[in-house]
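J.: Here it is: the structure, laid out below.
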């Protein structure tokens, strides 16, 4: 039932612009469900923050990917790592300024070392970081991505 609800949430988030809604908060359990879906969708999960310069540089590529592939079996999810008390003052204005419509979720579990292994056992916790997966096929990238690198890695998994 929980998996069904998270899928419905992701579908709903994909149909409503993130800038026009409250940003859903997620915790470790939600993250485990988001990064462990097993279906025909290819997931692109990016971990970012407004204070991270490389994250800011690449976020437009994820928005472009969302707009281009959103109806083609690719779900882009932007997991924000700003402090929860900065959503109204920093995150929402940032998203509005850049016209980000991809689903955005706020990670509220600040014990990063407790959940980063859920994403990838080799992740140091540095951002930006991106997980691209479909079922058991996974690519994890702990670096700033160019547009070409993002699309090349997507195409390794999403045929």
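Numbering (the numbering used here), first residue to last: 1033 to 1191.
Where a beta carbon is used, it is the ideal one built from N, C-alpha and C, also for glycine.
These numbers were taken from a predicted model, which means no experiment stands behind them.
Got a sec? Which residues, its chain only, sit under 6 Å from residue 1180 by beta carbon, not counting five neighbours each side?
T.: Closer than 6 Å at Cβ, skipping near neighbours: no residue.
J.: Return the CA-CA distance between residue 1064 and residue 1077, expressed in angstroms with no decimal places.
T.: Using only the alpha carbons, I get a separation of about 12 Å.
J.: Mind checking residue 1128: buried by the 16 CB within 10 Å criterion, or exposed?
T.: Burial call: exposed.
J.: So for residue 1115, helix, strand or coil by DSSP?
T.: In the structure shown, residue 1115 sits in coil (DSSP, three-state: anything other than H, G, I, E or B).
J.: Please say whether residue 1098 and residue 1133 have beta carbons closer to each other than 8 Å?
T.: Cβ atoms of residue 1133 and residue 1098: closer than 8 Å.
J.: CA-CA distance, residue 1114 and residue 1168?
T.: One C-alpha to the other measures close to 29 Å.
J.: What residue range is occupied by the uninterrupted alpha helix (DSSP H) comprising residue 1088?
T.: It spans 1085–1101 - the alpha helix (DSSP H) in which residue 1088 sits, taken as one unbroken run.
J.: Count the other CB atoms within 10 Å of the CB of residue 1144; is the residue buried (16 or more) or exposed (fewer)?
T.: When all chains shown are included, residue 1144 counts as exposed.
J.: Could you check whether residue 1164 and residue 1186 sit closer than 8 Å to each other, using their CB atoms as the reference points?
T.: Yes. Within cutoff.
J.: From what residue to what residue does the alpha helix (DSSP H) around residue 1186 run?
T.: Taken as a continuous stretch (DSSP letters only), the alpha helix (DSSP H) holding residue 1186 covers 1179–1189.
J.: Using three-state DSSP, classify residue 1161 as helix, strand or coil.
T.: Strand.
J.: With a threshold of 16 other CB atoms inside 10 Å of the CB of residue 1135, please say whether the residue is buried or exposed.
T.: Buried, because 16 or more other Cβ atoms sit within 10 Å of the Cβ of residue 1135.
J.: Within a Cβ cutoff of 6 Å, which residues of the same chain sit near residue 1166, ignoring the five residues on either side of it in sequence?
T.: Counting only Cβ-Cβ distances below 6 Å, and skipping sequence neighbours, we find 1074 and 1189.
J.: Could you have a look at residue 1107 and say whether DSSP puts it in helix, strand or coil?
T.: In this structure, residue 1107 counts as strand in the three-state DSSP scheme.
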